[in-house]
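Undergrad:
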Amino acid sequence: MSSKEPTAEEIVSGPAVTGDLHGEMRRAARPFSRTTQVLAGLVVLAAVFAGGAWTHAAFGSAPAPARQAVTPNGQGQPGGQTVRSESSEAGR
């Protein structure tokens, strides 16, 4: 098998594109397909969401204390605070 490799001068002197130059230029202008761009956008959205969650966990305010549930008669649990709404105190 005797294959003669082209020399550097032959490579340089030959045409750069042997096929469709217009198609070659279009592919060079758009190196990423639409699928790649959509996937990259999803990765960016996930990173932004994770960064926001981390920021909120690191610098956000403490969660508000849970309010005690009020029974229909206006009384709270025994030994706990009683939380009354405006309407139950208006009847007094």
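Numbers 193 to 284, taken from the working numbering, label the letters of the sequence shown in order.
Here a beta-carbon is modelled for each residue, glycine too, at the ideal position from N, C-alpha and C.
When the Cα atoms are used, what is the spatial distance from I285 to T210?
TA: Outside the shown range of the chain (193 to 284) lies residue 285, about which nothing can therefore be said.
Undergrad: Does DSSP put V209 in a helix, a strand or coil?
TA: The residue given as residue 209 occupies position 17 in the sequence shown. Correct three-state label for V209: coil.
Undergrad: Just how far apart, CA to CA, sit V235 and Q229?
TA: Reading the sequence shown from its first residue, position 43 is the one you call residue 235. Reading the sequence shown from its first residue, position 37 is the one you call residue 229. Cα to Cα, the separation comes out at about 10 Å.
Undergrad: Give me the Cα-Cα distance between M217 and A239, rounded to the nearest whole angstrom.
TA: Against the sequence shown, residue 217 aligns to sequence position 25. Against the sequence shown, residue 239 aligns to sequence position 47. Approximately 33 Å, taken between the alpha carbons.
Undergrad: Looking at the unbroken alpha helix (DSSP H) that takes in A249, where does it start and where does it end?
TA: Numbered from 1 along the sequence shown, position 57 holds the residue referred to as residue 249. Counting along the chain, the alpha helix (DSSP H) containing A249 begins and ends at R226 to F251.
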